[in-house]
Amino acid sequence: MDNHAQVSYTTPLTAEVTQRYTAQLTEQLDLSASGHNYKLIWTPTSLRWFVDDQAVFIVADVKKIPKIRMYMYFTLFCNPGVERDGNSSNVFHQLWIESISVRKLSNLAETEEVVKTSVWEGWKYGVLFGILGGVLFCLSIAGAVFLKKWRAKERLGWRSRDRLSFKNNSLKMRMENDYLHRTISVPLSAGIYVIPPENLTRSDIVLGKGEHGIVFKGIATGLYGKVGPTVVAVKTLFSTEDNTSADASFKKELDVLARCGHHLNIVNLLGVVTTGRPSLLIEYCQYGSLLSYLREHRPPFFFSHVSSEGQLLPLDKEKYEKEGNRLHQKLRNDTSDHALLSTKDLINFAYQLARGMEYLASRPIVHRDLAARNVLVDKGKIVKISDFGMARQEGEYVLQDGSIALPIRWMSPTAVLNKTFNQSTDVWSYGVLLWELFTLGELPYGDRKIGGNTEAFLQEIIDGLRLPKPELSPNDMHDLMRDCWVLGPDTPCPTFEELKNRLDSLISQEISEYYTSLDALYEKFNEEHERVHGSEQLSDQLLEEQNPIH
C-alpha cells in the first residue's frame, strides 16, 4: 500500500483547496506587510508550524485521534501597524483548528475510512484579519488533515490556557517595540502599589487585549500585602503617536482600582509599574472570561435541573458527579471544577456577581460596562468583576464626550439617551448579564441589527421590548431579571443589596457562608490598608493637578 494522504484547507486568502501528496506539502502565507511570514508544512508523519522560519509548534508520531476536545488557538501580535482607511492599527493573526478529519486512502482508491472529531466552538477576535490554518493527526499508514471552515464570531474575552507561548526571539524583540517606554505618574491613592520594573517578569502568554494595550501573564515579587512571587495579569500600554488618551485611561482605571479596595468578587489591583512599560498588575484568573467559559459549557457540558415548567429542581448529586467524572475522563482535564456546569453553578455566579456589585456600590463606584465579557472565572468557580476602564467613583456620572462607544445592548435607555450613569443603570446591565448566564453566552437582542438605528432600538425598549426568558432559567431568576429592567419612577429598580438578599433564598446557607469565609482575607487587607494609609478621597481634578504626566 502506498503512503498517500489528502489535505483540505481554507484560508481567508484562498478558496478551499484539496491536494493529495506522498511527500511534503507546504502552505506559505506572506504576511510581510505586518513584518512576519507564516508557514505550515505537512508530511505524512508530522505537521510543523513556522513563524519567520522558526518552528513554533510540531505534531509528530500520532497514531490515533485522542478522544478529547481538540482545539487550539493562538494569537500572534505583529507590528508595525498596517494603514487602513488612514488609521494605523495593531495587527493580530490567529490560527484556529475547528475540526480534524483523517482519511486513510488505499492507493488513492475511492474507498476511504474516515475518522473525524469535532472541536468545540471558538470565537474570533481580530483587528484586521485572521488566518485559518490546517492541522493533521496521522495514522500509522497514512494521515491527512481536513480544515473544515472558518467560523468567525467576535470574542471579547480570551483564555490563557488556549494560548501557545512563543519562544521565538525575533518575535519577542519586535514586541518590545510595541509598548510605551516612558515614566507615568500615578494617583496618590495608588502609590503603595508601585513596584520597580525588575520585580516583574512578563511572559509571552496573551490573556487579552483592550483599546489601549494588551494583557499578558506574568510573575511579580514585592507586591503590597504579598509574600514571595505571585502570578499576575499584566495590562501593558501600547505606544501611540498621542499617548494622552491611553495615559488618562490607565490612570483612571488605576485610581478606581486603588480606591476600591479588595473583594472576593472583583479583580483586585496587586501592583503597578510606572517606568519602562507602564503596567497594571491585577489578579490572574485561571479560566479567563465568563463569556468564553459559558460558551464552552453549552450542552453536553451543561447539567440542567430546571423542570419544563421553569421550576428549580434539587441537584441530583449522584447523576451530576457521574456525568462530571465521565467528561473529566474524556477531556483528560486536571481541573475537576471545569468539566461540567450546572444550573446551581449559574445561580451561584449570579449571587457572587450581586455581592461584587453590592461592594462596588458601597464605595461608591459605578461600573458602566457590566457584561459577561468583563467578568473573569477563577479556580473553584469563583467569578470576579473586571475591566474598570469605564468605571467612575461617583454616585452619579454624566458622560460629556458623546464620541465614546457605549455597549448599547447592555445599557438602559436612560443611560444611553441621558448619558447618565448610577447604580440603577448598573442594575439594568446586571439583568442583561443574568440573561447571558442562563443562555450560556448568547448575544443580547441577537435577532436585531442595531447598527446606526440606535434610537429606534432604544424606543423599542422604552415601549416594552425585553429579552425573552432563557430556556435554562428558573422562573425566579427570570423574574429577577425583569425587575432589573424597570423604567420610570413609579417602580424603582432594586438595589444590589436587595438583589443579593433575594438570591440568598436560591442558594444554600453553606454556600453563602463559604463565600463569606473566603472574603475574610480581603476584608482584613482593607482594614489594614485603611488603618495604615487612611482612605484618601481626592477629586479627579485635584489628582490631575497634583500628578501631571511627565
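Counting along the sequence shown from 1, when you hit position 205 you're at 205 in full-length UniProt numbering, and nothing is skipped either side. Don't be surprised by glycine CBs; every beta carbon is placed ideally from N, CA and C.
Residue i, DSSP secondary structure in three states
i, result
"Ser512", "helix"
"Ile184", "coil"
"Arg531", "helix"
"Asp378", "strand"
"Ser308", "coil"
"Leu341", "strand"
"Val486", "coil"
"Phe303", "strand"
"Lys148", "Model confidence at Lys148 stands at a pLDDT of 34, short of 50, so the residue's coordinates are unreliable; what they give is reported in the following sentence. Here Lys148 sits in coil by DSSP."
"Ser505", "coil"
"Ser289", "strand"
"His478", "helix"
"Glu358", "helix"
"Cys493", "coil"
"Asp178", "Caution applies to Asp178, whose pLDDT of 45 falls short of 50 and renders its modelled position unreliable; the value that the coordinates give is listed next. Looking at Asp178 - three-state DSSP - the assignment turns out to be coil, as it is neither helix nor strand."
"Ala371", "coil"
"Ile450", "coil"
"Asn168", "Note that Asn168 scores a pLDDT of 32, beneath 50, so its modelled location is shaky and nothing firm can be said."
"Ser473", "coil"
"Gly441", "coil"
"Met412", "Met is not the amino acid found at residue 412; the sequence shown has Ser there. Three-state DSSP puts Ser412 in coil, outside helix and strand."
"His297", "coil"
"Arg326", "helix"
"Gly261", "coil"
"Leu458", "helix"
"Gly464", "coil"
"Asp316", "coil"
"Gly431", "helix"
"Leu254", "helix"
7 Å Cβ cutoff met for residue i and residue j
i, j, result
"Leu376", "Asp426", "no"
"Cys484", "Trp428", "yes"
"Ala350", "Leu434", "yes"
"Thr343", "Val306", "yes"
"Glu497", "Glu358", "yes"
"Gly218", "Leu200", "yes"
"Val234", "Phe216", "yes"
"Ile408", "Ile462", "no"
"Phe250", "Leu269", "no"
"Gly441", "Arg295", "yes"
"Pro489", "Leu467", "no"
"residue 563", "Thr274", "Outside the shown range of the chain (1 to 550) lies residue 563, about which nothing can therefore be said."
"Leu437", "Leu346", "yes"
"Asn265", "Gln352", "yes"
"Gln423", "Ala361", "yes"
"Met481", "Gly431", "yes"
"Arg363", "Cys493", "no"
Bridge-paired residues (DSSP) for residue i
i, result
"Gly208", "Val215"
"Leu200", "Ala220"
"Gly271", "Leu281"
"Lys235", "Val215, Leu280"
"Ile266", "Ile385"
"Thr230", "Ala220"
"Val194", "Val272"
CB-CB length for residue i against residue j, believed under 8 Å
i, j, result
"Val383", "Leu290", "6 Å"
"Ala220", "Ile192", "Ala220 to Ile192, Cβ: 14 Å. No contact."
"residue 557", "Thr439", "An answer regarding residue 557 cannot be provided, because it is not within the stretch 1 to 550 covered by the chain."
"His297", "Tyr522", "No, His297 and Tyr522 are not in contact; Cβ-Cβ is about 27 Å, not under 8 Å."
"Glu253", "Phe388", "5 Å"
"Leu327", "Leu312", "Actually they are not in contact, since the Cβ atoms of Leu327 and Leu312 sit about 23 Å apart, beyond 8 Å."
"Glu323", "Phe303", "6 Å"
"Asp476", "Leu506", "6 Å"
Local Cβ density within 10 Å of residue i, reported as buried at 16 or more and exposed below that
i, result
"Pro474", "buried"
"residue 554", "Only positions 1 to 550 of the chain appear in this structure, which leaves residue 554 out of reach."
"Asn501", "exposed"
"residue 552", "Nothing in the structure corresponds to residue 552, since the chain is present only between 1 and 550."
"Thr491", "exposed"
"residue 599", "Since the displayed the chain opens at 1 and closes at 550, residue 599 lies outside it and no answer follows."
"Ser308", "exposed"
"Gln459", "exposed"
"Val256", "buried"
"Ser508", "exposed"
"Ala354", "buried"
"Gly356", "buried"
"Leu465", "exposed"
"Gly271", "buried"
"Lys524", "exposed"
"Arg531", "exposed"
CB contact check: residue i to chain D, cutoff 7 Å
i, result
"Glu510", "Among the protein chains of the structure shown there is no chain D, as only one such chain exists."
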